[in-house]
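Presented below is the structure to which this report refers.
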Amino acid sequence: MPDASPIVELLKISKWFGSTPVLNKVDLPLYPGEVHALLGENGAGKSTLVKILCGVHLPDSGKVHINGEAVEFRGPAQARRAGIAVIYQEPTLFPDLSIAENIYMGRQPRGYGGFIDYSAMHRGVTAIMSQLGVPLRAEDPVLGLSIADQQIVEIAKALTFDAKVLVMDEPTAALSSAEVERLFNVVKKLRTQGVALLFISHRLEEVFSISQRITILRDGEFIATGSVADFTTDEVIRKMVGRVMTTLFPKEPAPIGEPVLTVRGLRRAGVFRDISFEVRRGEIVALAGLVGAGRTEVARAIFGIDPSDEGEISIEGKVLRDPDPTAAMQAGIALVPEDRQQQGLVTELSAKRNATLTLLRQLHRFGLMIPRLEKAVAREWTERLQFRGHLDEPVRVLSGGNQQKVVLAKWLATQPKLLIVDEPTRGIDVGAKAEVHRTLSELAKTGMGILMISSEMPEVLGMADRILVMHEGHITGEFSRSDANEEKIMAAAHGNA
Amino acid sequence: MGTLRNREYLSGNFGRLGQLWERWLRSRESWLILLLALLVIGTASMNARFLGPQNIKDLMLNVSLIALLAIGQSIPIIMRQIDLSVGSIVGITAFLSGLIFFGHPNTPSLVVFLVGTGVGLLLGAVNAGLIIWGRVPSLIATLGTLYIYRGADYAWVHGRQINAANVPSSFLALGNIGFLGVPLLMWIVILFLILIGTILRRLPMGRECYAIGSNPAAAILAGINLHRRVSIGFLFSGAIAGLTGVLWLARFGTVDATAGLGIEFQVVTAAVVGGVAITGGTGTVIGAALGALLLGVFNSALVVLRVPPFWQQAFQGTMLLVAISVDAYLAHRLAIRLRIKRSHV
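Protein chains in written order, with the numbering used here: chain V, 1 to 497; chain C, 1001 to 1345.
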């Protein structure tokens, strides 16, 4: 219905992070009374585009127009004053305060003597809530509200700001189907009031049911835009993935042996359910899916960091009782986490110290560390991984690739039977990537079982013997190396198996 | 409890009155009052002297100083900060007030009050400067000034002592007189309760303190000037400590460099027992004052029941831990409930 002109228009937006281009000349018009869905794989540039729209980032080139006039946002506050409100997946509210106070914080209505006019505040909230058709009470505390209700509070806040544009970044990811339905009713009401909505979601069926227009990004490039009626689900998926495979180091064949890890019916309330699979000796099993599908959480549960509510984890047939990281390590599990800086490394310590952290108990005599042994162990694994850096340097000065090698060395030194790697090549350069892949392949050849969480399609397709796909906390697809392809995996990752 | 009232779901369909009643039942203040009543009745039944007029008067005088400091302390704690330097500020202003009278016996009391409060404000400003400009966490900054102020106090006082004889009797009377059977000190506490309670409840400034303690990042997003609010909190806490120092002299008459030594821990304990959560965002000044009263009554009961004084501190510590454990337990329970509630996956 673009007989009206767009409220906000992003024109030829480009953005680089360092030398990496994340957006290349992307256009995005937002019309009043229309839901515009922004689609793309993980890392396609959706979040960056949203951050530019709401003033968190400045574009390197291109323009933001509001009602036809060029603007330049210096910070989120300016974007908000221009009528752009963002609802994040996890709302930022004050848990200890009431709903009304959350909505009006910083601009409370004042009565006589400058006192806060609570009754005016409560009337305002009640009016907005009934306008949205949501039975939330103004005086109830925010703590205890579900994520869905918290999002409603954020939307109500945006409405009191008189927002013209509402950006919703994966608002449905944490909602139940009933909650999604209610949110969509609210969205429809906002549409009739002439609000322009930008909707980001990985659930294609939702996109097709709620939006009027879609734009597809892939690797920062603008791929397609148009009325939702002009697209089919298959077409959208093809446009989202259709990328040329980059050359990778593929996994070399290794004899597949007995199961190392067996997971049966694992469940953690509200996070994942019905997780059953196994990883065999010499096998690389990829855990694919979209960010937030629950893959990292499954890995954490296997390693005993988070408790699971139900289910069984066994290593070489022996059931792990009351899993905790110490028991998991003793059973022969190693976990290389996604976030190296925070969880994988002590960034102030040297590479040598980091590499031997897992082995402290074997490297001491009478409670004192033996530097010679420490050095020998650190050297053994870092050399096998072709670590290029100084062992005595603090790891914070190392490159991403070398840091990842230190984390790997640290865990390989424990000689695990099962290696879990979470996004093993995120944020490291192409050369180092290939080396990590070669290492994983070699480790599989030695009979290690490897569970690899990865959001990078070429990595999944190139490295894995078997691919499990997760969607919203459960496994929606399993493919062998030979019959896997991008379209199948993306379809399963979107729950369209 | 303060935390409970906010954190529990208000469930069920009660009328407006039912809602109020339910809130009252869930509030920290009502539990404190209940506990106080039980304690008083229990102790009095074992020893009637506990309710004697002199004992009650002493109790009120002792409690009011701690309660005043606890009111001041509540403001930083609500903002997820803490002010440990208040005991040392009390020490400095108590001696300073005595010294003024020693040098100029005819100084009007009002001038002494203004000077004492002003010096407290100044020392609070040093705290605020360290925390805001120096970016030192308030726990560390005020732990530092706790020692610095006390050390300066010792160096300056240099073993001297102010005696009641050096202080005008009209001033000393302020620490002793009362209206309507309630000591002046307690009236001052009540005045501040009304004043600060109203600001915290009814003015945007007050609500912003809760917002800052509840979620600092969200507070900044809401356009709240966090630095200004936190500074004001420490200025206020310092000024209240300064005022308490002057009252300290009026109450005790005899003052040396050790006035108020270690009192900050009683103050923080009172506030926390009273429901001003150390994690910020919840609590009321009434609760903090009730916490001080509960601690005072408890100590007095131990004395009346001839419990060895060594045990007093142990009991205080126990109460603090019980209060914090109950809060933590309830928060934990709620977290589990919420996770299960959201388990639509």
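Using N, Cα and C, we set each Cβ at its ideal position, and we do this for glycine too.
Where residue i sits in the DSSP three-state scheme
i: Trp968/C; result: Chain C is shown only over 1001 to 1345; residue 968/C falls outside these bounds and no answer can be derived.
i: Phe366/V; result: coil
i: Pro255/V; result: coil
i: Ser176/V; result: coil
i: Gly304/V; result: coil
i: Val1063/C; result: helix
i: His437/V; result: helix
i: Met245/V; result: Low per-residue confidence applies at Met245/V: pLDDT is 47, beneath 50, and the placement is therefore not dependable enough to give any value.
i: Ile1278/C; result: coil
i: Ser98/V; result: strand
Delimiting residues of the beta strand (DSSP E) encompassing residue i
i: Glu312/V; result: Glu310 to Ile315
i: Gly62/V; result: Ser61 to Ile66
i: Pro29/V; result: Thr20 to Leu30
i: Thr476/V; result: His474 to Ser480
i: Phe231/V; result: Premise fails: Phe231/V is in no beta strand (DSSP E) and is neither H nor E.
i: Ile7/V; result: Counting along the chain, Ile7/V falls outside any beta strand (DSSP E), and DSSP gives it neither H nor E.
i: Gly289/V; result: Ile284 to Gly289
i: Leu1290/C; result: That residue, Leu1290/C, is in no beta strand (DSSP E); its alpha helix (DSSP H) goes Val1285 to Val1304.
i: Val86/V; result: Ile84 to Ile87
i: Met168/V; result: Val165 to Asp169
7 Å CB neighbourhood of residue i in its chain, flanking five on each side removed
i: Phe231/V; result: Ile214
i: Ala1257/C; result: Gly1091, Phe1095, Asp1153, Tyr1154 and Val1157
Distance between residue j and residue i (C-alpha atoms, nearest Å)
i: Leu261/V; j: Phe17/V; result: 39 Å
i: Ile489/V; j: Gly477/V; result: 7 Å
i: Ile1188/C; j: Glu297/V; result: 55 Å
i: Glu374/V; j: Ile453/V; result: 30 Å
i: Arg1150/C; j: Ser1088/C; result: 5 Å
i: Ile1220/C; j: Ile1071/C; result: 25 Å
i: Asp324/V; j: Ile313/V; result: 12 Å
i: Gly1134/C; j: Ser1231/C; result: 12 Å
i: Leu10/V; j: Ile87/V; result: 19 Å
i: Leu143/V; j: Ala286/V; result: 38 Å
i: Ala288/V; j: Val346/V; result: 28 Å
i: Ala1259/C; j: Asn1215/C; result: 37 Å
i: Pro337/V; j: Gly401/V; result: 14 Å
i: Met129/V; j: Arg123/V; result: 10 Å
i: Trp1248/C; j: Phe1102/C; result: 16 Å
i: Gly1206/C; j: Pro416/V; result: 56 Å
i: Thr414/V; j: Leu175/V; result: 40 Å
Close beta carbons around residue i, own chain, < 6 Å, minus the five adjacent residues each side
i: Leu419/V; result: Ala334, Met448 and Ile450
i: Glu179/V; result: Ala148
i: Ile957/C; result: Residue 957/C lies beyond the range of chain C shown here (1001 to 1345); nothing can be said about it.
i: Arg300/V; result: Asp306
i: Val207/V; result: Ala37 and Ser201
i: Thr20/V; result: none
i: Asn1163/C; result: Thr1254
i: Thr1117/C; result: Ala1239, Gly1242 and Leu1243
Close-in-space but distant-in-sequence residues of the same chain around residue i (CB under 8 Å, 5 per side omitted)
i: Ile1324/C; result: Val1272 and Ile1278
i: Leu1059/C; result: Gly1296, Val1297 and Ser1300
i: His494/V; result: His202, Arg203, Leu204, Ile237, Leu290 and His471
i: Glu393/V; result: Ser350 and Ala351
i: Glu170/V; result: Gln89, Ile200, Ser201, His202 and Gly292
i: Ile1132/C; result: His1227, Val1230 and Ser1231
i: Ile1224/C; result: Glu1208, Ala1211 and Ile1212
Boundaries of the alpha helix (DSSP H) in which residue i is found, first to last residue
i: Met129/V; result: Tyr118 to Leu132
i: Lys519/V; result: Only positions 1 to 497 of chain V appear in this structure, which leaves residue 519/V out of reach.
i: Ala334/V; result: Segment Ile333 to Val336 is the beta strand (DSSP E) holding Ala334/V; no alpha helix (DSSP H) there.
i: His1227/C; result: Leu1226 to Phe1252
i: Phe1113/C; result: Ser1109 to Ile1132
i: Asp149/V; result: Ile147 to Thr160
i: Ala1218/C; result: Pro1216 to Leu1221
i: Arg1028/C; result: Arg1028 to Met1046
i: Glu486/V; result: Glu486 to Ala493
Suppose only complete runs of 4+ residues qualify. What are the alpha helix (DSSP H) ranges in the segment 373-431 of chain V, listed by chain order? Counting whole runs of 4 or more residues, the segment 373-431 of chain V contains the alpha helix (DSSP H) stretches 400-412.
Notebook entry, point to check: Residue ranges of each alpha helix (DSSP H) run of no fewer than 4 residues wholly in the segment 182-222 of chain V, ordered along the chain?
Noted result: The segment 182-222 of chain V contains these whole alpha helix (DSSP H) runs: 204-210.
Next on the checklist: For the segment 110-123 of chain V, list every residue whose C-beta sits within 7 Å of some C-beta in chain D, in sequence order.
Outcome noted: Note that chain D does not occur in the displayed structure, where the protein chains are V and C.
Alpha helix (DSSP H) runs contained entirely in the segment 1153-1200 of chain C, provided each spans 4 or more residues: 1169-1174
Would you list, in sequence order, the uninterrupted alpha helix (DSSP H) runs of no fewer than 4 residues that lie entirely inside the segment 1047-1102 of chain C?
1053-1078
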